[in-house]
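Okay, so here's the structure we're looking at.
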Amino acid sequence: VSRSVCDYFFEAQERASEAENVPPVIPTPHHYLLSVYRHKIFFVAVIQSEVPPLFVIEFLHRVVDTFQDYFGVCSEVMIKDNVVVVYEVLEEMLDNGFPLATESNILKELIKPPTILRTVVNTITGSTNVGDQLPTGQLSVVPWRRTGVKYTNNEAYFDVIEEIDAIIDKSGSTITAEIQGVIDACVKLTGMPDLTLSFMNPRLLDDVSFHPCVRFKRWESERILSFIPPDGNFRLLSYHVSAQNLVAIPVYVKHNISFRDSSSLGRFEITVGPKQTMGKTVEGVMVTSQMPKSVLNMTLTPSQGTHIFDPVTKLLSWDVGKINPQKLPSLKGSVSLQAGTSKPDENPTINLQFKIQQLAISGLKVNRLDMYGEKYKPFKGIKYMTKAGKFQVRT
Amino acid sequence: MLESSKDSAKLDAMKRIVGMIAKGKNASELFPAVVKNVASKNIEIKKLVYVYLMRYAEEQQDLALLSISTFQRALKDPNQLIRASALRVLSSIRVPIIVPIMMLAIKEACSDLSPYVRKNAAHAIQKLYSLDPEQKEMLIEVIEKLLKDRSTLVAGSVVMAFEEVCPDRIDLIHKNYRKLCHLLVDVEEWGQVVIIHMLTRYARTQFVSPWKDDEVVEEYSENNFYESDEEQKEKDQKVKNTYTMDPDHRLLLRNTKPLLQSRNAAVVMAVAQLYWHLAPKSEASIVAKSLVRLLRSNREVQYIVLQNIATMSIQRKGMFEPYLKSFYVRSTDPTMIKTLKLEILTNLANEANISTLLREFQTYVRSQDKQFAAATIQAIGRCATNITEVTDTCLNGLVCLLSNRDEIVVAESVVVIKKLLQTQPAHHCEIIKHMAKLLDNITVPVARASILWLIGEYCERVPKIAPDVLRKTAKSFTNEDDLVKLQILNLGAKLYLTNSKQTKLLTQYVLNLGKYDQSYDIRDRTRFIRQLIVPNEKSGALSKYAKKIFLAQKPAPLLESPFKDRDHFQLGTLSHTLNSRASGYLELSDWPEVAPDPSVRDVDVAESAKEWTGNLDKTKKEKPTEKFYSESEEEEDESASTSASESESGSESEKQDEEEGSSVDTSGSSTSSEESSDSESDSKESTAKKTSRAANESVSENIKKKAKDTSKKRNTSNSSDTESTPSEKSSSDSKSESDSKSDSESEKSKEEKQVHDKKASNKQDVFLLDLDDFYPVTTPVAAPTAAVLSTSLTADLEGLCLSNSSVIDVTTQVAVPTKTHELLHRMSGKGLAAHYHFSRQPSIFGDGMVSVQVTVTNTTDQKIENIHIEEKKLPPGMRMHDFNPIECLEPAGSITVPMGIDFCDSTQMASFQLCTKDGRFNVTIQPPVGELLLPVTMSEKDFKKEQGMLIGMNETSATIAVALQNSTRHVIIERVVKAANLGIVPSGQDNIHRFAAKTAHSGSLVLVTVELKESSTAQLVINTEKTVIGSVLLRELKPVLSQG
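From first to last, the protein sequence lines are chains A and B.
Numbering of the first sequence is given in our numbering, commencing with residue 1 and proceeding in unit increments.
Numbering of the second sequence is given in our numbering, commencing with residue 1 and proceeding in unit increments.
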């Protein structure tokens, strides 16, 4: 396959106004180009014949994840710098177009990720970053865990992170609201531990997807997560709390945005306030809004936090920080429109981000975590957090 | 530097070379230097050299050969990873000369101990195939071998190779089908995707459609299905026999379901398409939830998933309706996602949700993304045509949009309004007028053309405006787009015809303009119209019709989803995404009308049995039974049974009780639904009442089963006349049919369909099977008299049957005792309890064996692992086939396993040890003599002939007192048959009952005669070569008859 196939891709990329709009599947006369867009980089796969497209896309995402895992960030510079490692990793991940090893645990055994320390050591000793001893992990009963893991501090942390996806309409009523949750784990345990995690209220979980390590039968029958964890960070499960259950929206947004037909000035006012937060503070609030193209500039004064308006992308962002229930943060001011253009038909939608620590908005609670199979007593920790996912307020 | 002796220098050089490759520079001139390093000890250098080799070996074939010996050496390396990677590189070097070497390497690797190496061998198969397709045959052999591999690591890769090399060789899959289904959950995720896709195709060719009951498919397929059948009664039968799913089909669905929870979107999608294409419609909806979950992930995944949902939602709206809100559009979505979501929303629209949807659409219309806004307008248009209630509302809304400032929006609404108006043009003059006014402002050609068309079409309704419009457009004619020009011409022509007074000059002016237009299309049109409408001498005839031609009623266009035509592609495939055939796309075949022989999949279990002697038909009988068991337990929730047989028979008797009620009326009248046997038995009734009665008894069981079968399916049509159950018996009968029942039931559906194909082969046991299936009403448990046998057969089978009647043949069991014997008590077995019973089925493990079902129960609260058999202490000549070790038994779980024992026709005990992980227990099995027999059928004549040869020494007899209640015929038969595995021989006399069987090991005949005498005594005679068996059997039968 020559490089020229990529030309089709570049062509399509040029045609699309925004990077987001590049179609993921592009047919060319002899090949098919499948691409993913992440971290402002396109990863393109060339396909010769029929294959489930999700198969390829999922794999590309996995590749990106792996790069990120290896290099910390996945940027163009990083890939250029580590071209050799990239090649080696790809070599291990793919064989003749069929995915081979995609678990980062195993990959890391085959090819050690570069760290600053190791680079220094390598230059001095002349050793390499390819694993000296070839691992046996691939063959163990548990393909996602390598054997012979040792830690002095045995710890297992679980983060229950829930994201609220919501669309709120003009009048403040909720159009849709869903909770998407994940349990991310950081497990550093010696040996081959067998963990079980049980919930106080497993019924809440409407739809779940597991890391392959979770024993499905056990979940079906007892609603208990039983698994031999991979080493290090991994996503244990992600779940979905359906829209049928009422979702408590923890914040509200009052807005008053109006453009007048005659003058080139508009009014702009936003207030954010907490609602049903169960006594927890709402932190990290960030309001962003894509202004219509005709907006020239905005003169705004926030009661707290900082705001930026980028006149090129027309993106307004306001970093609010914590919400103090006594003194609600607000952003007021005027919008100046391009002279001569008519007022925009649609008010901009407001995207909201926030975080609430120590609260799972769905009410999910982990009951207990038990470990079998190893003798020592691990340190266990569970953290809850609620975040805004795709939280939009239409105005 | 590559020549350097130091590894670090070499490494550095290699890194640079790889960097060069990455940048797209040609590094091929370094080839010789690089190849030298292939033997390097340093692993990293080696790896980089591999990278380099794969890139350039094809260009420099001769030099690449230098490296091959190194790989060959590496293939023998003790480290599996080195072996694997050597194989990988070797197969990646695309040099035709080394094909034989590769072939050899693959063959060796596929019997490697390490599954990892085997996995790589599977990958190498594809590479070799693409290099040299002529190796196909050899490669298929390798694939076949690898398919048998039990490692989960290999499964995915080998199926991939299978798909690549020989996707049409579905016969290779048969034997591995069940294994693949079971392994599926444990296979790594990429493999899962491939396997699921392959199994989808496989299932489509191997199972009948589960959609038969559904209304959509029904008419088409049923007509199709039955047209081929010649016989009317068969039709009736099949109508009655509603679809029962093949257990293997069910197995596939059951095993893939957990994978919906996979974190890998590709797997979820694969399962979704599997359910879509294979599952009954009611079950397919479970995938909706998981698909909706995928919408949370990356935009590319969203894109593909939404596309698939769009296709699904067209066909089955209900599936995604609960998730309507998940498809609401966010302003941050990329346009393609928005459009797809919109598409789905439109598909899902119905009377109930349309109002909320329209409100939602209103928001979208105002979106800043104009492309999306335009798409929304089209969506509104589609909703309006599909749901007549809201058409007016939509139209009003769209008209409001006409005053929108954005041109694209307006233009789009005009086009949509035009389409809508066409569907109901009656009362919308106002709108047309309004649009005419708009004409001045709108510049988008499509919209202008639409307006002009509208005005032209309905110019009679707006008589004043139309000429005015024409005047205006005529002025600007030269500046218009081609599309608009054509419409101006049309408008002119139409006006000319309807209102020629006002417009004659204008039209002619327009036509003149058109005549000298640059576009030939327009010139053509002009000429055409002129000839048509302007009257002159030549074209008088045509112009009469001009009005008709121009002002004919035009059919309204249908607004259809662009996803409508995608459904013929398999979901989740590239072709589906592109809506065009991708290379290598394999069409999903239609459901077969008749299920192919399911037995081809059966062998895999028996494979492990080394002593398996390969009686296919027997195996076939055995295996589905087991499957069916576990099935019915789970599905019907028949109380997690500790012993399968017990619960089974329990539930059965219940059902039969029900049955009893309905069949009381008809009891005694010996009829069956089959016409042939019906008439036969009528004529015979007078002469051979007893005979038919006897036959009835054996038949009654089946009829009950049949009836139960049908009543279970709520299909009571003319089943009433098939029920000829002697009601007083049914409760006692019910005990005696635990196994046989499930057996016949599971088979019936499948094999009925094979009957025709198989008819040709008149192997005897096949014949018997056919008999079972073809006439489920008469007798799956075949113990009929010859007379009944022949009567129940239609002409084409009659010959076969008669030729058979003189042959003594092993038949299926008449009754199966439910009595279980204790093998190991739970106290002495440390919580492990074991029971056994005789299933009276021909053993699958070998001739001469008696099949024993051992039920192992775990009564502890811990898992018991590795239950198996050891230390067999068998008397000489006795053989035993162990059950497969049970890996793990959950607390309170129980499992039934088959084993086979050849008792050598003696009643000596078989003693062995039942071992678990932490204990071994001595146990013994002692067979009742009745279980050492296999029933045979023969005619009365044959019986007497054989009996005549077995007299003297070979005859044992006794006179016994028979309890009064035992003196009726059917009670005797039932009791005898329960006590010993005997086949019933028809008897011409009222008071003599005959039974026949042969011993399992040696096959010697055992003939039993019971002759009732006066004053409730009976003569019991047993003739057999095996005198010991004879006397023991006599001893055992005595109490059976004398006791009450």
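All C-beta atoms, glycine included, are put in the ideal place defined by N, C-alpha and C.
This structure is a prediction, so every number in the text was calculated from the model and none was measured.
- Straight through space, the alpha carbons of S130/B and K380/A are spaced by roughly 52 Å.
- In chain order, K289, S290 and R293 make up the part of chain B whose C-beta sits under 7 Å from the C-beta of D207/A.
- N866/B: member of the beta strand (DSSP E) spanning I864 to K873, first to last residue.
- Sequence-ordered contacts of the stretch 32-49 of chain A with chain B read Y32, L34, S35, V36, Y37, R38, I47, Q48 and S49 [C-beta pairs closer than 9 Å].
- Contact annotation: in the stretch 178-197 of chain A, residues whose CB is within less than 9 Å of a CB in chain B are E178 and Q180.
- No Cβ of chain B is located within less than 9 Å of the beta carbon of K387/A.
- The beta carbon of T349/A sits closer than 9 Å to some beta carbon of chain B.
- Taking the CA atoms as reference points, E164/B sits about 6 Å from Q126/B.
- Contact check for I387/B and A349/B: beta-carbon distance about 6 Å, within the 8 Å limit, so the pair qualifies.
- With a threshold of 16 other beta carbon atoms within 10 Å, E11/A falls short and is exposed.
- G983/B does not reach chain A, its nearest Cβ partner there being about 44 Å away, counting only Cβ pairs nearer than 9 Å.
- Nearest C-alpha to Y50/B among K494/B, V89/B, R83/B and L1007/B: V89/B.
- Burial state of G318/B is exposed, judged by a 10 Å Cβ sphere holding fewer than 16 other Cβ atoms.
- Within the same chain, and ignoring the five residues on either side of V469/B in sequence, the residues whose Cβ sits closer than 6 Å to its Cβ are A436 and I455.
- Within the DSSP bridge table, the entry for V335/A names G266/A and M298/A as partners.
- Counting along the chain, M385/A sits inside the beta strand (DSSP E) bounded by residues F379 to V393.
- Closest by C-alpha distance to R448/B, out of L491/B, V208/B and I82/B, is L491/B.
- In the three-state DSSP reduction, F9/A falls in the helix class (H, G or I).
- The beta carbon of Y509/B lies closer than 8 Å to those of A474 in the same chain, with the five residues before and after it left out.
- Interface annotation for the stretch 260-282 of chain B against chain A: Q261, S262, R263, N264, A265, A266, M269 and A270, criterion Cβ-Cβ distance under 7 Å.
- In the DSSP assignment, A910/B falls within the unbroken beta strand (DSSP E) covering A910 to T916.
- Annotation: V962/B to A1018/B spans about 6 Å, alpha carbon to alpha carbon.
- In the three-state DSSP reduction, D369/B falls in the coil class, being neither helix nor strand.
- I895/B is bridged by DSSP to V856/B.
- Around the CB of Y516/B, fewer than 16 other CB atoms lie within 10 Å, so the residue is classed as exposed.
- If you draw a straight line from the Cα of T70/B to the Cα of C110/B, it is about 20 Å long.
- Here C904/B is buried: its Cβ has 16 or more other Cβ atoms, across all protein chains shown, within 10 Å.
- Per DSSP, I925/B lies in no alpha helix (DSSP H) segment; the continuous beta strand (DSSP E) that holds it begins and ends at G919 to I925.
- According to the DSSP assignment, H821/B belongs to the beta strand (DSSP E) that extends over H821 to L824.
- As a beta-bridge residue in DSSP terms, A1018/B pairs with I960/B and L1012/B.
- Contacts between V193/B and chain A, judged by CB atoms closer than 7 Å, involve P52 and F55 in chain order.
- In the three-state reduction of the DSSP assignment, R145/A falls in the coil class, being assigned neither a helical nor a strand state.
- With a cutoff of 9 Å on beta-carbon distance, T573/B and V44/A are scored as not near each other.
- Look at F528/B here: in three-state DSSP terms it is helix.
- Here A177/A is near V247/A, since their CB atoms are less than 9 Å apart.
- Each of I161/A, V83/A and G321/A was checked against the Cα of D12/B, and the nearest Cα belongs to V83/A.
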